[in-house]
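Here numbering that gives the first Met the number 0 is used: the first residue of the sequence shown is 0, the next is one more, and so on.
One structure is given here, and the rest of the page talks about it.
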Amino acid sequence: MTTSTTATKKTAPPAPGFPAALTFEWTKFASLRSTRWTLLVTGALTVLGAVFVGLSGSLQPDDTVLGGSLTLSVVSLMVAGTVGALTMCGEYASGTIAATLTAVPRRGRVLAAKAMLLACLLYATGLVSCTVAYLLGGAVLEDGAYAQGEPMPALLGIAGLFALVGLIGLAVGTLLKHSAGAVVTVVGVLLLPSLFGPLLGDLQRWVAGATPTAALEKLTQTSDASPETVGSLGAWPSLGLVAAYTLLLLGAAGWRLRRRDA
0 MTTSTTATKK TAPPAPGFPA ALTFEWTKFA SLRSTRWTLL VTGALTVLGA VFVGLSGSLQ
60 PDDTVLGGSL TLSVVSLMVA GTVGALTMCG EYASGTIAAT LTAVPRRGRV LAAKAMLLAC
120 LLYATGLVSC TVAYLLGGAV LEDGAYAQGE PMPALLGIAG LFALVGLIGL AVGTLLKHSA
180 GAVVTVVGVL LLPSLFGPLL GDLQRWVAGA TPTAALEKLT QTSDASPETV GSLGAWPSLG
240 LVAAYTLLLL GAAGWRLRRR DA
């Protein structure tokens with residue numbers, strides 16, 4: 000008499016879904032002092048800038064309370080980009096990227112979870128800090144001496160810009176893997192077109208006008224946002240342009256992440 004046995008096949012556990020991947024990323028983000036403090040600095044700089052401009056009386060007569068209150072928001076954007084770069088580069092520097100990709104084998108899901116978490120945190124930080132800065136600026140500045148500007152829906156767009164610059168930092172950090180190089184690249188994207196724009200003649204409005212800095216100036220309704228320097232494209236189309244090439248950068252980062260070793 001013959002007997003038959005059935006072998007049980009061991010199957011690998013399914014890859015964690017997106018909610019689990021997002022939870023992993025939140026745990027890592029919250030456990031790192033560098034990212035927590037950098038996120039705090041992102042919001043604090045904007046608020047401190049409003050107090051400084053109000054107390055120093057350095058606001059230009061043709062500027063608005065909104066634009067003056069958010070004077071240091073461009074510096075906050077640089078810090079937001081740094082947060083994005085460190086979110087990925089920090090894992091390469093510490094060697095935890097291998098464990099991350101082992102826990103969540105689908106690399107596109109890893110990048111998507113990081114992007115979602117980063118965008119939400121930076122949007123909330125930007126919206127709260129810029130709203131507080133605007134209110135403080137209006138309280139500190141001489142009442143009636145300056146036009147108020149139109150804070151809504153501009154503040155929503157500015158908060159979105161914080162998130163987009165953070166995602167640019169994440170994409171650049173994924174492509175370069177090195178913190179210093181990624182941070183320098185993000186800061187260069189924000190500053191260099193405006194610094195060297197005057198050397199480009201008629202091309203200045205095209206080069207400088209496509210940057211996140213130009214979109215910020217238009218959204219804050221600052222007097223510096225002239226068509227000659229940042230182009231004639233409106234504030235919201237400029238924000239849409241930044242969003243478009245941010246998505247392209249993230250797509251390139253995802254492609255690169257899937258095709259290289261940890």
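Here a beta-carbon is modelled for each residue, glycine too, at the ideal position from N, C-alpha and C.
Checking the sheet assignment: what are the DSSP bridge partners for T63? A146
On the three-state DSSP scale, how would you describe T2? Low local confidence applies: a pLDDT of 44 at T2 is under 50, so the model's placement there is unreliable, and no value is given.
So what does DSSP say about G230, is it helix, strand or coil? In the structure shown, G230 sits in coil (DSSP, three-state: anything other than H, G, I, E or B).
For a quick check, are the C-beta atoms of L58 and Y145 less than 8 angstroms apart? In this structure, L58 sits near Y145, with a CB-CB distance shorter than 8 angstroms.
Among L215, P211, L248, I157, whose alpha-carbon lies nearest the alpha-carbon of L175? Cα-wise, what sits closest to L175 is L248.
What does the alpha-carbon distance come out to for the pair L44 and T26? 26 angstroms
Are the CB atoms of T124 and L38 nearer to each other than 8 angstroms? A distance below 8 angstroms separates the beta carbons of T124 and L38.
For G48, name the three-state secondary structure that DSSP assigns. helix
Excluding five sequence neighbours on each side, which residues of the same chain lie with their C-beta closer than 7 angstroms to the C-beta of L120? L38
Could you compute how far the alpha carbon of A158 sits from the alpha carbon of L232? Cα to Cα, A158 sits roughly 19 angstroms from L232.
In terms of residues, what are the limits of the alpha helix (DSSP H) holding L194? 178-195
For the alpha helix (DSSP H) containing G137, list its first residue and its last residue. 106-139
Candidates T70, S55, V186, of which the one nearest A84 by Cα: That would be V186, whose Cα lies nearest to the Cα of A84.
One question on the structure: do V103 and A29 come within less than 8 angstroms of each other, judged by their Cβ atoms? no
CB T86 to CB G172, shorter than 8 angstroms? yes
Where the alpha helix (DSSP H) containing A102 begins and where it ends: Counting along the chain, the alpha helix (DSSP H) containing A102 begins and ends at 96-102.
Work out the CA separation of G48 and L71 for me, nearest whole Å. 5 angstroms
Sequence-distant residues of its chain with Cβ nearer than 7 angstroms to C129 (five each side left out): Closer than 7 angstroms at Cβ, skipping near neighbours: T45, L69, S72, L154, I157, A158.
Segment limits, alpha helix (DSSP H) that includes P211: 211-218
Boundaries (first-last residue) of the alpha helix (DSSP H) holding G80: Here the alpha helix (DSSP H) through G80 covers 72-93.
By alpha-carbon positions, which one of V139, A170, V40, E24 ends up nearest to W254? Per the Cα distances, A170.
Please determine, among P211, K217, L135, the residue with the shortest C-alpha to C-alpha distance to A162. P211
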